[in-house]
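Residue numbers (the working numbering): 2 to 398.
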Ligand SMILES: Cc1ncc(COP(=O)(O)O)c(C=O)c1O
């Protein structure tokens, strides 16, 4: 029997393979330092948990409208207005099972078979596979350190064909930490309007931004671009609520109702209790977020300084999110115990075996010259892990 060709064409996540190996080693009692985390290491704020208990005790445990409860849609509209200068009505909001689900809904709602979707490289692992799942074609646009991993406008224009439907923008970016300025977004918006493109703007790391930088949503630039943008956001990263599975989109009504319809058949509403908890998160004291952000910033600073002091390694200082992309290109081709390291995956595997440090190979993000380290782990672990990496590099010949 031939099982789904589409399902079989989806690349399994290398991220998961390395983290699974690290977890297994940990369970065997090995002292592994893991830089693989894709989620905050903080606990969900207590007042958010309390709101969930409240919802349960009040019997708010049944189905809700498929696209989410009105209270949460209103809280999201309020947040978008106050923080992002974006005016949306509840009918333009669709609440889903995490931002990943929101992106999938968005692609399902806009793509026809063969449509092209532009994805900047390095990318978040799921973008290409989600695009393929809706029978569209990922078109990659390379970025480099010399432009802080941001796309160059003339290169973007070169990638656009009559089949281009959308571009996925992720600012702040996982894995690079790149954050686009207002001027850069204006140029991208201009191109999107000129070529009749939709922008899927993944803003999930919006709250994790450092130094004097500010997050700007491309949709806030003008009505023309707002009308063709699907804003993606959610509770996972900002509120340490990854397991609660609440993400959302803000878009024009036509796209929103298509996504709501798709979702009504695929999953129905996202978890009812988590929706009520999310209302509390958005309306509650936002100081908890600031505390986490400050801690992330301290860790980032330590990590970047240390990495750049190690011979053979270098990194660009990420402006947002909680990852550092380390350039290992000078080490590719070196050997360990007589075996040549030919790729980021081999580097990550030998590092895990030898020094018990888990990192994500850049290959997973479309660039083999890098490894990604997350700083969503304690400073103590970061220090120990980087010392081990330094020791490992000294052993390479
Ligand atoms: C760039 C990016 N977008 C979306 C998501 C998905 O977030 P959620 O947990 O809300 O599905 C992630 C999670 O790792 C991410 O890194």
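For each residue, glycine too, the CB sits at the ideal point set by N, CA and C. Values in this document were obtained by computation on a predicted structure and should not be read as measured data.
Would the C-beta of residue i count as close to ligand 1, meaning under 8 Å from any of its heavy atoms?
{"i": "residue 203", "result": "yes"}
{"i": "residue 206", "result": "yes"}
{"i": "residue 35", "result": "no"}
{"i": "residue 279", "result": "no"}
{"i": "residue 216", "result": "no"}
{"i": "residue 11", "result": "no"}
{"i": "residue 246", "result": "yes"}
{"i": "residue 117", "result": "no"}
{"i": "residue 243", "result": "yes"}
{"i": "residue 266", "result": "no"}
{"i": "residue 236", "result": "yes"}
{"i": "residue 151", "result": "no"}
{"i": "residue 386", "result": "no"}
{"i": "residue 333", "result": "no"}
{"i": "residue 320", "result": "no"}
{"i": "residue 68", "result": "no"}
{"i": "residue 21", "result": "no"}
{"i": "residue 272", "result": "no"}
{"i": "residue 40", "result": "yes"}
{"i": "residue 171", "result": "yes"}
{"i": "residue 330", "result": "no"}
{"i": "residue 106", "result": "no"}
{"i": "residue 101", "result": "yes"}
{"i": "residue 309", "result": "no"}
{"i": "residue 233", "result": "yes"}
{"i": "residue 175", "result": "yes"}
{"i": "residue 127", "result": "yes"}
Taking a contact to mean a Cβ-Cβ separation below 9 Å, would you say residue i touches residue j in this structure?
{"i": "residue 237", "j": "residue 69", "result": "no"}
{"i": "residue 359", "j": "residue 20", "result": "yes"}
{"i": "residue 201", "j": "residue 162", "result": "no"}
{"i": "residue 282", "j": "residue 49", "result": "yes"}
{"i": "residue 222", "j": "residue 190", "result": "yes"}
{"i": "residue 233", "j": "residue 198", "result": "no"}
{"i": "residue 246", "j": "residue 155", "result": "no"}
{"i": "residue 209", "j": "residue 150", "result": "no"}
{"i": "residue 431", "j": "residue 134", "result": "Not covered by the structure: residue 431. The range shown for the chain is 2 to 398."}
{"i": "residue 278", "j": "residue 53", "result": "yes"}
{"i": "residue 386", "j": "residue 46", "result": "no"}
{"i": "residue 88", "j": "residue 82", "result": "yes"}
{"i": "residue 117", "j": "residue 183", "result": "no"}
{"i": "residue 106", "j": "residue 264", "result": "yes"}
{"i": "residue 42", "j": "residue 378", "result": "yes"}
{"i": "residue 308", "j": "residue 371", "result": "no"}
{"i": "residue 127", "j": "residue 142", "result": "no"}
{"i": "residue 132", "j": "residue 123", "result": "no"}
Go ahead and pull the three-state DSSP assignment for residue i.
{"i": "residue 230", "result": "strand"}
{"i": "residue 38", "result": "coil"}
{"i": "residue 376", "result": "coil"}
{"i": "residue 199", "result": "strand"}
{"i": "residue 180", "result": "coil"}
{"i": "residue 341", "result": "strand"}
{"i": "residue 315", "result": "strand"}
{"i": "residue 371", "result": "strand"}
{"i": "residue 351", "result": "helix"}
{"i": "residue 49", "result": "helix"}
{"i": "residue 69", "result": "coil"}
{"i": "residue 60", "result": "coil"}
{"i": "residue 267", "result": "helix"}
{"i": "residue 104", "result": "helix"}
{"i": "residue 394", "result": "helix"}
{"i": "residue 244", "result": "helix"}
{"i": "residue 363", "result": "helix"}
{"i": "residue 221", "result": "helix"}
{"i": "residue 28", "result": "helix"}
{"i": "residue 174", "result": "coil"}
{"i": "residue 334", "result": "coil"}
Hey, quick one: how far does the beta strand (DSSP E) through residue i stretch, first residue to last?
{"i": "residue 167", "result": "165 to 171"}
{"i": "residue 326", "result": "324 to 328"}
{"i": "residue 95", "result": "94 to 97"}
{"i": "residue 132", "result": "Element bounds for residue 132: not the beta strand (DSSP E) but the alpha helix (DSSP H), 127 to 134."}
{"i": "residue 142", "result": "138 to 143"}
{"i": "residue 207", "result": "Here residue 207 belongs to no beta strand (DSSP E), and DSSP marks it neither H nor E."}
{"i": "residue 117", "result": "117 to 122"}
Give the range of the alpha helix (DSSP H) segment to which residue i is assigned.
{"i": "residue 187", "result": "183 to 195"}
{"i": "residue 275", "result": "273 to 284"}
{"i": "residue 290", "result": "288 to 310"}
{"i": "residue 251", "result": "That residue, residue 251, is in no alpha helix (DSSP H); its beta strand (DSSP E) goes 248 to 251."}
{"i": "residue 90", "result": "Careful: residue 90 lies outside any alpha helix (DSSP H) and carries neither H nor E."}
{"i": "residue 157", "result": "154 to 160"}
{"i": "residue 357", "result": "Note, residue 357: premise wrong, no alpha helix (DSSP H); not H, not E."}
{"i": "residue 7", "result": "6 to 10"}
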